[in-house]
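Undergrad:
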Amino acid sequence: MKLETTKRRQQIEQRRLRDAIIQVLKQLETDSNEIAVTNALSALDAQYAEARRAQVALEDALPDGEALEATLREWHELSNEVFETRNQAGIFLKEKGNGPA
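Sequential numbering of the sequence shown, starting at 1004, is according to my numbering.
(1) Could you check the C-alpha separation between G1100 and I1094 for me, to the nearest Å?
(2) Beta-carbon within less than 7 Å of A1104's beta-carbon, same chain only, minus the 5 sequence neighbours each way: which residues are those?
(3) What number of angstroms, rounded off, separates the C-alpha of T1074 from the C-alpha of L1081?
(4) Report, in whole angstroms, the separation of the C-beta atoms of L1028 and Y1051, which I expect to be a contact under 8 Å.
(5) In three-state DSSP terms, what is N1083?
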């Protein structure tokens, strides 16, 4: 796969992952029921897996250097957002009496 195609796929998957994060946060803000939050978390997990696969492909395609370092930093920040969102959702579900926080 060409480097530009790999970069584009990674960008698309990261955008989808950010959208999944936003969806979970919306469910939490509107005090949705546990099923809606659990479903949003499942979608987040699935999209995280897709984004991670695209990230690994890009890391493999990039030569060592600034571009690779920037990509790794960006992924690290996005991963932190995912884990913070999962923690918030876990707390929400635990408070509702139905979650694995």
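We put the beta carbon where it would ideally sit given N, CA and C, even for glycine.
TA: The short version:
(1) 10 Å
(2) Unreliable positioning characterises A1104 in this predicted model, as indicated by a pLDDT of 49, which lies under 50. The coordinate reading is nonetheless provided below. Cβ neighbours of A1104 beyond the five flanking positions: G1093, I1094, L1096 and K1097.
(3) 11 Å
(4) Not really, about 15 Å apart at Cβ, beyond 8 Å.
(5) helix
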